Amino acid sequence: MIDEKKLIKYMNDVKFSINSYTMNPVTQICGAKSVEDEAYFSETVKRIINTREKTKTALKELGFEFPDSMSNFIFAKHKDIDAETIFTQLKERKIFVRYWNKPRINNYLRISIGTDSEMDKLISVLLLVSLLGALLCGCGKNREMYNANLTKYIT
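As numbered in this note's numbering, residues 144 to 298 make up the sequence shown, in order.
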């Protein structure tokens, strides 16, 4: 017979292997309470929407394309710079976005909406990446040369 602690461990192993976005009971209680507090909830939603819209504008100005987002993330690709290169540059600066090297989505980044200061930092680095691309390759006309040189110059 399996003891209780071992059984709970096995159940958690299965739970966390299926869904990486699970919440523990304390997180669930806090989430429920935050939704019940209408003023807090409304202010948080408003702040996220404002930050998302500001970020969408900045991303478009930097050459990103994406379907319109009404959620807490933007699924974007750059018109000239491949997603893996951008992902690597951001990761080296401890800015984390999601990147999947899978067919159909391997040139997209999932950019979660953070605080204004976090998004400003993201946009600053993306501006640097975009400007360097323009300088190295004549406004992104040669993607392979750009991607190779970017890694060399911006680390």
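All residues carry an ideal CB built from backbone N, CA and C; glycine is no exception.
Predicted model only: the values in this text are computed from it and were never measured.
According to the DSSP secondary-structure assignment, R247 is paired through a beta bridge with no residue. Taking C-beta separations shorter than 8 Å and ignoring five residues to either side along the sequence, the partners of S255 in its chain run N215, F216, V240, R241, following chain order. Residue state for I229 is assigned as helix, using DSSP reduced to three classes. With at least 16 other beta carbons inside 10 angstroms of its own, M262 counts as buried. Taking all protein chains shown into account, Y153 has fewer than 16 neighbouring C-beta atoms within 10 Å of its C-beta and is therefore exposed. DSSP lists no beta-bridge partner residue for Y183. Ranking E181, V178, S212, E208 by CA distance to the CA of N193 puts S212 first.
Counting only residues of its own chain and dropping the five nearest sequence neighbours on each side, T198 has a CB closer than 6 Å to the CB of M262. When rounded, the separation of the alpha-carbon atoms in L233 and N155 is 32 Å.
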